[in-house]
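>
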Amino acid sequence: MTPLKIAFSGVHSTGKTTAVNALAERYSGTGMRVVRIPEIARSCPWPVNRAAGAEAQRWIFHRQMTAELEAAHEAAGDGGDSLILCDRTALDSLVYSKWHEERSRGGLGAKSWAWVPVIQHYFKAVCLPSYDAVFVTCLRGGAAEDGFRDTDTVWQQRIHLMFDSAWGEIRRQMELFGRTKPLILDYTTIEDAEREIDMLLPPGRRPPLRTAKKHA
13 MTPLKIAFSG
23 VHSTGKTTAV
33 NALAERYSGT
43 GMRVVRIPEI
53 ARSCPWPVNR
63 AAGAEAQRWI
73 FHRQMTAELE
83 AAHEAAGDGG
93 DSLILCDRTA
103 LDSLVYSKWH
113 EERSRGGLGA
123 KSWAWVPVIQ
133 HYFKAVCLPS
143 YDAVFVTCLR
153 GGAAEDGFRD
163 TDTVWQQRIH
173 LMFDSAWGEI
183 RRQMELFGRT
193 KPLILDYTTI
203 EDAEREIDML
213 LPPGRRPPLR
223 TAKKHA
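Dropping the structure here:
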């Protein structure tokens, strides 16, 4: 089968990495080839979060796309059933970039963010159809301190609203043009995500659902 590509999208500290790790563990036990794409921003050589510049956000976007292309090549390598799990989508970096672009309007640095609207159109036309399903996460409290995340609650809420707006616009456009791929689903629990993914898999690749339990 063509590699199945599942992504998690949303503001920081909303359970994306936890979900991807749990799903990778579950489906690795089915004999499928599982390729996991970690959060790209954590390896960025420039400052990120509110301190990010245009070069950092461009780097994150392009590295995300490269990682996804490499994962598709790797997943298809042996010709068997494969699952690609993405901790964020290419749109995620654009949402954060949009915040920086809006913040810089009218200032000296505005021109450095002029690429954002252009790349947003590219994402919708080229990148979006490559996903089979995208789970959009929601706020579950403040951002946890881990030495990397920005823990400012007000900023986290602002970015969350921008994610809601971005995916809402994509949903409306897909409905307008009758497009059904990817599935764009609100993420609730890992168990619910498993059920949705299982429906996209061949019956022989569907492992038993685990007993429901709490996940961080």
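102 is the number that this note's numbering gives to position 90 of the sequence shown; each next residue is one higher, with no gaps. Glycine is no exception: its CB is placed at the ideal position from the N, C-alpha and C atoms.
(1) What separation, rounded to the nearest whole angstrom, lies between the Cα atoms of residue 36 and residue 46?
(2) Roughly how many angstroms separate the alpha carbons of residue 144 and residue 162, rounded to a whole number?
(3) Cutting at 6 Å between CB atoms, please list the residues of its own chain near residue 109, excluding the five before and the five after it.
(4) Note down, in chain order, each residue of its chain lying with its Cβ closer than 6 Å to the Cβ of residue 50, except the 5 sequence neighbours on either side.
(5) Going by Cα to Cα distance, which pick from 32, 176, 210, 196 is closest to residue 141?
(6) So, for residue 192: in the same chain, excluding its five sequence neighbours on each side, which residues have a beta-carbon less than 6 Å away from its beta-carbon?
(7) Does residue 35 come out as helix, strand or coil in the three-state DSSP assignment?
(8) With a threshold of 7 Å on Cβ separation, who are the neighbours of residue 137 within its own chain once the five nearest residues in sequence on each side are excluded?
(9) Who are the Cβ neighbours of residue 72 in its own chain at under 7 Å, not counting the five residues just before and after it?
(10) Tell me the DSSP secondary structure of residue 54 in three-state form.
(11) Thinking residue 146 and residue 19 are a contact (beta carbons under 8 Å), I'd like their distance in whole angstroms, please.
(12) State the Cα-Cα distance for the pair residue 208 and residue 58, rounded to the nearest angstrom.
(13) May I ask you to verify whether the stretch 76 to 91 touches the stretch 24 to 32, counting CB pairs closer than 8 Å and requiring at least 3?
(14) With DSSP collapsed to three states, give me the class of residue 17.
(15) Considering Cα atoms alone, identify which of 17, 182, 183 is closest to residue 93.
(16) If I follow the unbroken alpha helix (DSSP H) through residue 175, where does it start and stop?
(17) Tell me whether the beta-carbon of residue 22 lies closer than 9 Å to the beta-carbon of residue 201.
(18) Kindly give me the distance between the Cβ atoms of residue 103 and residue 135, rounded to whole angstroms, as I take these residues to be in contact under 8 Å.
(19) For residue 148, name the three-state secondary structure that DSSP assigns.
(20) Kindly indicate which three-state DSSP category residue 207 falls into: helix, strand or coil?
(21) State buried or exposed for residue 115, treating a residue as buried only when at least 16 other CB atoms are found within 10 Å of its CB.
(22) May I have a chain-ordered list of the beta strand (DSSP E) segments no shorter than 3 residues that lie completely inside the stretch 93 to 118?
(23) Thinking residue 168 and residue 155 are a contact (beta carbons under 8 Å), I'd like their distance in whole angstroms, please.
According to the structure data:
(1) 6 Å
(2) 30 Å
(3) 69, 128
(4) 99
(5) 196
(6) none
(7) helix
(8) none
(9) 52, 53, 56, 105
(10) helix
(11) 5 Å
(12) 36 Å
(13) no
(14) strand
(15) 17
(16) 165 to 188
(17) no
(18) 6 Å
(19) strand
(20) helix
(21) exposed
(22) 94 to 99
(23) 5 Å
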